[in-house]
Structure formats: C-alpha cells, structure tokens
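Presented below is the structure to which this report refers.
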Amino acid sequence: MPKWLPINRLLQVRVTSCIIFLLCLIAVIQFFASYGEYNYDHIPREQLISNIYFHTNPKLVPKKETPNCNYDGILQSTSTINSWEVPKKYDDFSAAGLANGSYTPENCNPLLSVAILVTYRNRQNQLDVFIPYVHNFLRKQGIHYSIYVIEQQDDKAWNKGALYNIGAKQAIADKFPCLILHDVDLLPLDVGNLYACLREPRHMSASIDIFRYVLTYDYLVGGVLAIRSDQYMSVNGFSNRFEGWGGEDDDFAARIAAKNLKILRYPRELSRYTMLVHRHEKKNEERARIMYENKHNFNHDGLNSVDYVTINVKRNRLFTLIGVKL
Numbered sequence: 102m103p104k105w106l107p108i109n110r111l112l113q114v115r116v117t118s119c120i121i122f123l124l125c126l127i128a129v130i131q132f133f134a135s136y137g138e139y140n141y142d143h144i145p146r147e148q149l150i151s152n153i154y155f156h157t158n159p160k161l162v163p164k165k166e167t168p169n170c171n172y173d174g175i176l177q178s179t180s181t182i183n184s185w186e187v188p189k190k191y192d193d194f195s196a197a198g199l200a201n202g203s204y205t206p207e208n209c210n211p212l213l214s215v216a217i218l219v220t221y222r223n224r225q226n227q228l229d230v231f232i233p234y235v236h237n238f239l240r241k242q243g244i245h246y247s248i249y250v251i252e253q254q255d256d257k258a259w260n261k262g263a264l265y266n267i268g269a270k271q272a273i274a275d276k277f278p279c280l281i282l283h284d285v286d287l288l289p290l291d292v293g294n295l296y297a298c299l300r301e302p303r304h305m306s307a308s309i310d311i312f313r314y315v316l317t318y319d320y321l322v323g324g325v326l327a328i329r330s331d332q333y334m335s336v337n338g339f340s341n342r343f344e345g346w347g348g349e350d351d352d353f354a355a356r357i358a359a360k361n362l363k364i365l366r367y368p369r370e371l372s373r374y375t376m377l378v379h380r381h382e383k384k385n386e387e388r389a390r391i392m393y394e395n396k397h398n399f400n401h402d403g404l405n406s407v408d409y410v411t412i413n414v415k416r417n418r419l420f421t422l423i424g425v426k427l
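For what it's worth, our numbering labels the leading residue of the sequence shown as 102, then goes sequentially.
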C-alpha cells in the first residue's frame, strides 16, 4: 500500500467534516438571521379596517351626543412593548371603569364588542399578571369587552376544548358577537393589535417570542384566536374529546376549513406576543387518532354536546369566573 494513501484518506475525512461543519454553520446563521422576519400571508395594514367585523352587543346602549370610537390611529400605531418590560406583578393596578369583568369606553361609543375567553386551572401566578395587563392594554382601544375565565374545578384530565365551549355558551347567551379564545400565558406586545373579529376567523398570536416570532405552520390557530360567534356555532365549537395537552387546536382548524372559512392574520408587526413561563399539561398521546376519527364527527361532537356541571358563576369586578366540573 502506498505510504500516502492513509494521509489522503485522512485529508478526505477532514474535508468532508469541514464541509459538514460549514453547512451547519450556514444553517445556524440563516436560522438566527431570519429572527422575526418570517413573512406569512396577512392582510395589509391599509385593508385592515375594511375587514373588521363591526358589531356590538345589542345590550349596549349608545350615549347620545357622543362620537363613535375611531380605530384608525390604533391600527396604524407602530408602538410596541419589549417582552422584558412586561411587569412580573401589579401592586398599583387601577380598576377604573371596570364592572363585572366588562369595560365600556366613556368618551366615545364603541363599534366593537368582544368576549375574551380564558381557560384556566392552577395557573394563579399567570392569571395575576394576565388580568391587569390585558385590562391596561384593552382599555386604550375604545372597544367594549368582557373577560370570562373558565376554570376546570376537578381532578380530571385537562380539557381546553370543552372549557372553550362552556365559555362560548355563556358569552353567546350574553349576546357577544365576537369571541376571542385566549391562552392565559400569552400577552400582546403591539399597540396596533386591535382586539376585534374579522369577516373570517383571525389567528392573532402569529408571532410569539419563544418561537422567535415565527409562525410555526400555516394552519396554526392555537394561542389567541378571534372568531365571530355565528361562525363558532357554525363549526360546532371545539371537540370535547381531547384530554391533556395537544390536538384540539389543529382539530378546530380542520373544522374551520371544513366550513370553507379562511384563517386571516394581521401583519407580523401587529401580532407579537410574549409567553409567560408555564408547565404544560400531560401530553395527549391519542390526539392523532382522535383527529382522524373526528373528520366525520364535527356535527355531533362540540358545542352542542359538551357535558359539564356548573359549580358557580361569579361576576367579579375584573372578570367573570365560570367554575365547572367535567
């Protein structure tokens, strides 16, 4: 064997290793270079106002000789909050203008009414940040809103879909035309993120800090979603079959698609959220099977079939608490 052959092989190995290293390095650089630059399909800023679903709660009585609220300034705002500036606690929160978990602006007549549904269990630290933060954020928007916290008060497996259905029933009974399904661990960062429904379902939390503000996949609807009440009823809400963590949001996206509805989004610079540190519920290992079985079961499993026992409904000043057992 020639003396140079082992050296030649060693050089080949080194060259191959260098190429692999360079390719990995390029991939890492591209990964971080694209930080916050993922351009998903969205409604252009100039078309946002024409896509908003302007409806109010029929119980809301407009004040005479008071102008309508204007939303152009909010939608055109470029102001944002840095995630590290989000308060960890609130010692001096003012509840001015709040009653029974609701707020109506004083200086103008709102053209939007939204019910914010928050599913909850054993997340007191997050709720203590979420409630004052969201009230401070929303009271500047000129909208009529009410916050509902739906708490699962039993030891059964977590069931977010069923809790959303329960909250939706209450909010629809209270005549809210727009539902915003909101994880308790997500806080909006962009002032221009107007909390409103669009003509079709709107995925609001498309850019979350822990995901580098990148939308992970196109049909994602988890996190924060705005949907008209009539559309929520049309898709029959969420499946009640998903226990634990995972699957219910993708199943809900399939229900939306089955009704030929699109998932709309604001531009990235209006869709940024920060996620509070939290512990996940136990993962649902059966989610793929349930999704497959649910393809032809949308009409029989959902809003019209949710089974629960109401423990209490408390209309606190900051939110309405709906305590249930499943």
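Built from N, CA and C at the ideal position, the CB exists for glycine as well.
Rounded to whole angstroms, the gap between the alpha carbons of Leu288 and Ala297 is 16 Å.
Note that the C-beta distance between Val215 and Ile244 is below 8 Å. Assignment of beta-bridge partners to Gly424 by DSSP yields Glu252, Asn413. Between Ile182 and Leu290, the beta carbon gap of about 5 Å places them in contact (Cβ cut-off 8 Å).
Residue pairing by DSSP places Val219 opposite Val250, His283 in a beta bridge.
Close CB contacts of Asn210 within its chain, under the 8 Å cut and outside five residues either way in sequence, are with Pro163, Lys164, Thr167, Pro168, Asn169, Cys170 (chain order). Measuring C-alpha to C-alpha distances from Glu370 to each of Arg416, His236, Val315, Pro278 identifies Val315 as the nearest. Here Ile232 carries a helix assignment [DSSP, helix/strand/coil]. DSSP lists Tyr374 as the bridge partner or partners of Ile309. A residue is called buried when at least 16 other Cβ atoms come within 10 angstroms of its Cβ; Ser247 meets this threshold and is buried. In this structure, Leu218 keeps its C-beta atom at 8 Å or more from the C-beta atom of Leu176. Note that the region 248 to 267 touches the region 334 to 343; at least 3 beta-carbon pairs, one per stretch, sit closer than 8 Å.
For Ala272, the enclosing alpha helix (DSSP H) starts and ends at 261 to 274. Val407 places its beta carbon 8 Å or farther from that of Ile232. Taken through DSSP and simplified to helix, strand or coil, Ser335 comes out as helix.
Close CB contacts of Val292 within its chain, under the 6 Å cut and outside five residues either way in sequence, are with Ser178, Ser180 (chain order). The DSSP-derived three-state label of Asp291 is strand. The alpha-carbon separation between Thr421 and Gly202 amounts to approximately 5 Å. If the five residues before and after Asn158 are omitted, its C-beta is found closer than 8 Å to the C-beta atoms of Ser214, His245, Asp275, Lys276, Phe277, Pro278, all from its own chain and listed in chain order. The three-state reading of DSSP puts Tyr318 in coil, since its state is none of H, G, I, E or B. When DSSP states are grouped into helix, strand and coil, Leu176 belongs to the helix group. Judged by beta-carbon spacing, Asp352 lies beyond the 8 Å limit of Gly323, meaning their Cβ atoms are not closer than that value. For the pair Val425 and Ile251, the CB atoms are nearer than the 8 Å cut-off.
By the Cβ neighbour-count rule, Ile357 is buried, with 16 or more other Cβ atoms within 10 Å of its own. The beta carbon of Ala200 sits closer than 7 Å to those of Arg418, all from its chain and outside the five residues before and after it, given in chain order. The three-state reading of DSSP puts Ile153 in strand, counting E and B together.
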